[in-house]
Amino acid sequence: MIKTSWSSTSPRILSLILTLALLFTALPLQSPAFAATPFTDVPSGHWSEPFVNKARDHGLMKGIADGLFGFNRSITRAQFATILYQMFDWELLNPAAPSFTDVPATQWYFPYVETALASNVMDKTETFSPDQPILREDMAAMLVRALGYNTLATKAAQYGHPFVDVTDKAGYITIAYDIGMIKGTSAATFAPKATATREEAATMLVQVYEKYISETNWIHGFYALKSFNQLDLTTQMNAVTAGWSRMSYNTTTGAYLNTTDQNSNEWQVPDGYELVTGFLETNQKPLNLSVYLDTSVTFTQADGTSTNTARAILLDPAQRAQAIQAILSELTRPYDVLGKNPYSGVTIDFEGLRGPEMKAAFTAFLEELKAGLDATGKSLYVMVQPAVWNSAYFDGYDYRAIGSLADRVILMAHDYQPTNLKGFEETTFHKNAALTPLEQVYYSLKMVTDPTNGVATQDQGKLALAISFTNMAWTTSEGLLSNPIPRKIETSTVYARMTSPDAAMGYSEVYRNPYLTYTTETGEEIFLWYEDARSVADKLALAKLFGIRGVSLWRLGQVPAYGDAGLEFDVMQVLK
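Next up, the structure:
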């Protein structure tokens, strides 16, 4: 098996914070009594005061001497380059010839600046200005680049920021602002050309540190098709949802909840369900019932017009009420084998909603459902589809309203890959068909937490990022696409292919997705996109930067849980 190299930046974030703390420190660790004493040079009521105090309380930064913090002091560009070298533990370079005319080999910082340059922290120019105080825009740019988000910054520049005085390094500043690494000097200004001070560093440290030291606090999994073989993984979860129902519509009787195989429904209560519910009850894992609905089922109404199930139910108040009653009945009726109801709540998975009319109708549905659930003490989880940059997407989800109504909001930022590449045969375009390109995940996180239209700050603790373990295989011939239609591959098959002699693994640093190439027994050449521990860790690290600490897995039975060394195919390890 051939394996391309990959180096994760995520595990070293804490190292960056500690290194920054060391750089800004001139004294040994002080006693708690001393640390509790206010710094005499930090003006009372100054915007930075709470961050300076938190930086001290977290042990990130200390005063310089005699109760002084070093307020309004700066750091140099060379010092910051040294911070990044120490943070990433790069191999220290000492080239024979200097890359910058003002960074001679005789200076102490020469190898650190050269190493930072080789690590893509900055571009090659004639000079570096190592002794100059670092500017606010340069601190943001160098740190974002060192974190591995240089390509992402190129995309993020399109997404916008609130600062009217930012013209250079817009993508880096957008990322730094979106993830809370930096704040503006006012609501509309950033002062990018101003030098960075110790109190600004303290602010950055605290805002990054408090997110990065946080752990995943909620793990949720879906039990649906072919999931029984991974039921034991639920012991590592906080909650489970069973994909055992579909909201349906009959032109005569109206809305009803289908929990059987009627009309070829795959979202049904399975035989032997009591084995699942019993296991979860024994392990004290709450179980929600998933109610699935989409816009794919269309029919002709009595007046001759065409509609779909979602519109027929959500846009009609009477049908909404009938659908809600069907859900409440299913959540309270005794199941025959159990003699009681197994559910703690409901997970609403209504997909494909689009436009303001459906957005308002879906919100009304959730408001009415919430009232009924509150009366029965049942919880409400809601699945929402992601915003997509500069493209049509399913925009029928009022993030702010849903955040206020739901107990959990699960963002389905996955399955971005095309399902048909007709017209791209005999090209390598399939190599751009990643499942979860990082820039798309980033934009979805940005929008679901948007200060105006996203889930409100006080409700963002309800958010969870969904991870879908879909594996998409493209058939190629001599490296070129030969079949425009991909096919899904089971996770167990992916694992088997990984260990075959001709398999070649790779990881896209642009998309942050792994891929696998192999040849089948029938001679088919396959290029496969999938998810692994690295790609999941990258997404969760990014989500935590946005304050999102929950994760939801689709689905049990497909979760990579193989601990073989070198395969990076045990996802559960990165959730802990």
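When you line the sequence shown up against mature numbering (1 follows the signal peptide of the UniProt record, and there is no 0), it's residues -35 to -1, 1 to 541, in that order.
Note that CB positions come from ideal geometry on N, CA and C, so glycine has one too.
For clarity, every value in this text was computed on a predicted model and none was experimentally measured.
Range covered by the beta strand (DSSP E) that runs through residue i
i: Asn253; result: 252 to 258
i: Met212; result: 211 to 215
i: Ser442; result: 437 to 442
i: Tyr300; result: Unbroken run through Tyr300: none, as it is neither H nor E.
i: Phe264; result: 263 to 265
i: residue 543; result: No statement about residue 543 is possible, as the shown extent of the chain runs from -35 to 541 and does not include it.
i: Gly368; result: Element bounds for Gly368: not the beta strand (DSSP E) but the alpha helix (DSSP H), 364 to 370.
i: Asn115; result: Counting along the chain, Asn115 falls outside any beta strand (DSSP E), though it belongs to the alpha helix (DSSP H) covering 115 to 121.
i: Thr272; result: 271 to 273
DSSP three-state assignment for residue i, whether helix, strand or coil
i: His395; result: helix
i: Arg514; result: coil
i: Ile491; result: strand
i: Pro282; result: helix
i: Ile48; result: helix
i: Asn228; result: helix
i: Leu57; result: coil
i: Ser179; result: coil
i: Val524; result: coil
i: Phe(-12); result: Note that Phe(-12) scores 43 on pLDDT, short of 50, meaning its location in the model is unreliable; the coordinates nonetheless yield the value given after this. Coil at Phe(-12), not helix or strand.
i: Asn194; result: helix
i: Asp22; result: helix
i: Leu33; result: strand
i: Ile289; result: helix
i: Ala153; result: coil
i: Val536; result: helix
i: Val349; result: strand
i: Gly531; result: coil
i: Ile432; result: strand
i: Thr41; result: strand
i: Ala166; result: helix
i: Pro321; result: helix
i: Pro466; result: coil
i: Ile140; result: helix
i: Pro15; result: helix
i: Gln(-6); result: Low local confidence applies: a pLDDT of 38 at Gln(-6) is under 50, so the model's placement there is unreliable, with the coordinate-based value given in what follows. Correct three-state label for Gln(-6): coil.
i: Gln172; result: helix
i: Glu332; result: helix
Endpoints, alpha helix (DSSP H) assigned at residue i
i: Val406; result: 403 to 413
i: Leu473; result: Per the sequence shown, the amino acid found at residue 473 is Ser instead of Leu. Segment 469 to 473 is the beta strand (DSSP E) holding Ser473; no alpha helix (DSSP H) there.
i: Val109; result: 101 to 111
i: Asn355; result: From DSSP, Asn355 is part of no alpha helix (DSSP H); its letter is neither H nor E.
i: Phe244; result: 238 to 247
i: Tyr77; result: 75 to 83
Residues that DSSP places opposite residue i in a beta bridge
i: Ala135; result: Paired residues: none, contrary to the question.
i: residue 545; result: The displayed coordinates of the chain run from -35 to 541. Any statement about residue 545 would go beyond what the structure contains.
i: Lys453; result: Met437
i: Pro479; result: Tyr472
i: Met344; result: The residue asked about is misnamed: residue 344 is Ser in this sequence, not Met. Answer by DSSP bridge pairing, in chain order: Gly310.
i: Thr424; result: According to the sequence shown, residue 424 is Asp rather than Thr. None, per the DSSP bridge assignment.
i: Gly219; result: Asn215
i: Phe315; result: Leu258
i: Thr484; result: Glu490
i: residue 559; result: As displayed, the chain neither begins before -35 nor continues past 541, which places residue 559 out of reach and without an answer.
i: Lys305; result: Tyr300
i: Leu338; result: Paired residue(s): none; Leu338 is not in a bridge.
i: Leu445; result: Ser442
Flag this pair as touching only if the segment 198 to 210 and the segment 242 to 259 have three or more C-beta atom pairs under 8 Å; answer yes or no.
-> Contact holds: three or more Cβ-Cβ distances are below 8 Å.
Are at least three pairs of beta-carbons, each pair with one atom in the segment 216 to 233 and one in the segment 193 to 203, less than 8 Å apart?
-> no
Would the segment 92 to 99 and the segment 58 to 68 be scored as touching if the rule is three or more Cβ pairs under 8 Å?
-> Verdict: yes, contact present.
Are the segment 155 to 174 and the segment 531 to 541 touching by the rule of at least three beta carbon pairs closer than 8 Å?
-> no
Would you check if the segment 407 to 422 and the segment 444 to 454 touch, i.e. whether three or more CB-CB distances between them fall below 8 Å?
-> Touching, no, given that fewer than three Cβ pairs across the two stretches are closer than 8 Å.
Between the segment 353 to 368 and the segment 440 to 449, do at least 3 Cβ pairs fall closer than 8 Å?
-> no
For the segment 378 to 385 against the segment 321 to 335, are there 3 or more C-beta pairs whose distance is under 8 Å?
-> no
Contact between the segment 131 to 151 and the segment 177 to 191: three or more CB pairs below 8 Å?
-> no
Is it a yes or a no for the segment 101 to 118 touching the segment 37 to 53, going by three-plus beta-carbon pairs under 8 Å?
-> yes
Check whether the segment 135 to 150 touches the segment 471 to 489, counting contact only when three or more Cβ pairs, one atom from each stretch, lie closer than 8 Å.
-> no
Is the segment 269 to 285 in contact with the segment 229 to 244, if contact means three or more CB pairs nearer than 8 Å?
-> no
Is the segment 70 to 81 close to the segment 184 to 193, with three or more CB pairs under 8 Å?
-> Below 8 Å, too few C-beta pairs join the segment 70 to 81 and the segment 184 to 193 to call them touching: fewer than three.
Should the segment 393 to 403 be regarded as contacting the segment 346 to 360, the criterion being three or more beta carbon pairs within less than 8 Å?
-> no
Could you tell me whether the segment 28 to 40 touches the segment 2 to 20, where touching means 3 or more Cβ pairs closer than 8 Å?
-> Touching, per the Cβ criterion.
Contact the segment 481 to 490 vs the segment 426 to 435: 3+ CB pairs below 8 Å | no
Contact between the segment 396 to 411 and the segment 112 to 122: three or more CB pairs below 8 Å?
-> yes
Taking contact to mean at least 3 C-beta pairs separated by less than 8 Å, is the segment 312 to 325 in contact with the segment 236 to 244?
-> The segment 312 to 325 is not in contact with the segment 236 to 244.
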